[in-house]
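Heads up: the structure comes next, in structure tokens.
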Ligand code: IMO
Ligand code: MG
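In the numbering used here, the protein residues as written are 33 to 458.
Following this line, the structure appears as structure tokens:
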């Protein structure tokens, strides 16, 4: 198979970066298709850690072409900083192309994001405050600047003259400072000088590569439960992290997404507000949070912790057509004596066989769990499924049975090689 799509099956931070990095080495092309610098992960390369927010994980491999595709929102200052960081660490040869259709995220989007979260008070979403929502809103309102606009500075100026007065009305409504057209123009002119050679119609490039049977890896950002359409609205992001959105965010046909690898943690986490049926607190949550270093990479917020939630994962498996699963952070569960798995949802005393579409109903969900014994052994050196402690094997087999999907990849420690691959996918 020449393409592989990766999707986070929970609320983000599933450990997608490690698996993406693993497959990026084998790919010809790595594509980020949606979201922006709300995503964040670090990858290990030749013993050095690199923090990536916008750049695809193939960026450290010289032979890989990395694509920032149409559906992305790109903060150019953040992108240039990431590239500078690479340069500073001696990575100077990389292959990066940026879609002329990708939307530019500007400082005023960040201002609006922050001001709105504040205005929402107790109803805040808990965004990463990177301006993602306001930037996608401008795209839908047809009030945004796109990467392609940087290729003609005169028409860029005209665009800014049309858009900025409208944005200023919005900023002033939030008590913010109006922005100056020239200031934004100067910022973008500088970005244009630095990035213009990389801005292309990536759909032409990708379609050609697809026809030539090149190996394309679609990197996932965020998680399915943060999807604008199918997540726990309104506590979601402003785009769709589902693999089903890939064609519409890259210009490739549906058939280009034929293998879907879902990434899940061995338990659940969530940052930000919103319903979380399998959430736990107290000492058990604390132990998992500490052992799993469950603090946001972008915002440093402590992550909320919960058990694995089968109804939630089954829902995601079905809406995304997941064909294979990678389980991450399995080693963390040795921090507790007993592991629970949520197997059923109840609302008003009745079992339901769906994930409620409203926050109102979702917040009424009561869960049923099963309990399995944990293990005390260090699993980080296990090289095969059979080498795992028997309780650990049982945990995995139980999940496979409940989800009706095979777990083909098992991550046993943060290290790149500490990964049991039961089936080659790519
Ligand atoms: P990665 O790629 C975890 C969450 C935020 C918030 C909601 C909306 O690292 O898995 P936004 O800034 O997107 O408007 O915030 O979405 N969120 C993430 N949570 N991992 C991410 O990305 C996230 N990207 C957004 O915490 O609840
Ligand atoms: Mg993250």
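For glycine and all other residues, C-beta sits at the position ideal for the given N, C-alpha and C.
Using the C-alpha atoms, what's the distance from residue j back to residue i?
i           : j           : result
residue 428 : residue 237 : 40 angstroms
residue 224 : residue 251 : 26 angstroms
residue 82  : residue 379 : 44 angstroms
residue 43  : residue 275 : 15 angstroms
residue 80  : residue 35  : 28 angstroms
residue 128 : residue 393 : 44 angstroms
residue 146 : residue 156 : 10 angstroms
Is it the case that the CB of residue i approaches a heavy atom of ligand 2 more closely than 7 angstroms?
i           : result
residue 330 : yes
residue 45  : yes
residue 151 : no
residue 72  : yes
Regarding residue i and ligand 1, is the C-beta to nearest heavy atom distance less than 7 angstroms?
i           : result
residue 339 : no
residue 304 : yes
residue 415 : no
residue 261 : no
residue 162 : yes
residue 270 : yes
residue 48  : yes
residue 55  : no
Any idea which residues DSSP pairs residue i with across the strands?
i           : result
residue 104 : 67
residue 443 : 451
residue 376 : 400
residue 341 : 374
residue 382 : 379
residue 277 : Answer by DSSP bridge pairing: none, since residue 277 is not bridged.
What are the start and end residues of the beta strand (DSSP E) that includes residue i?
i           : result
residue 405 : 398 to 405
residue 297 : 292 to 297
residue 84  : 80 to 84
residue 300 : 300 to 302
Which residue marks the beginning of the alpha helix (DSSP H) containing residue i, and which one marks its end?
i           : result
residue 319 : 314 to 323
residue 133 : No alpha helix (DSSP H) holds residue 133; DSSP gives it neither H nor E.
residue 427 : 422 to 435
residue 56  : 48 to 56
residue 251 : Where residue 251 is concerned, there is no enclosing alpha helix (DSSP H), although the beta strand (DSSP E) it sits in stretches over 248 to 251.
residue 36  : Run containing residue 36: none in the alpha helix (DSSP H); it sits in the beta strand (DSSP E), 35 to 40.
Near residue i, what residues of its chain come up, given a Cβ to Cβ distance below 6 angstroms and the 5 sequence neighbours on each side ignored?
i           : result
residue 348 : 41, 256
residue 316 : 368
residue 132 : 179, 180, 231, 233
residue 60  : 246, 247
residue 170 : 176
Tell me which same chain residues have a C-beta within less than 7 angstroms of the C-beta of residue i, skipping the five on either side of it?
i           : result
residue 432 : 438, 439
residue 408 : 366
residue 292 : 37, 39, 275, 352, 353, 354, 355
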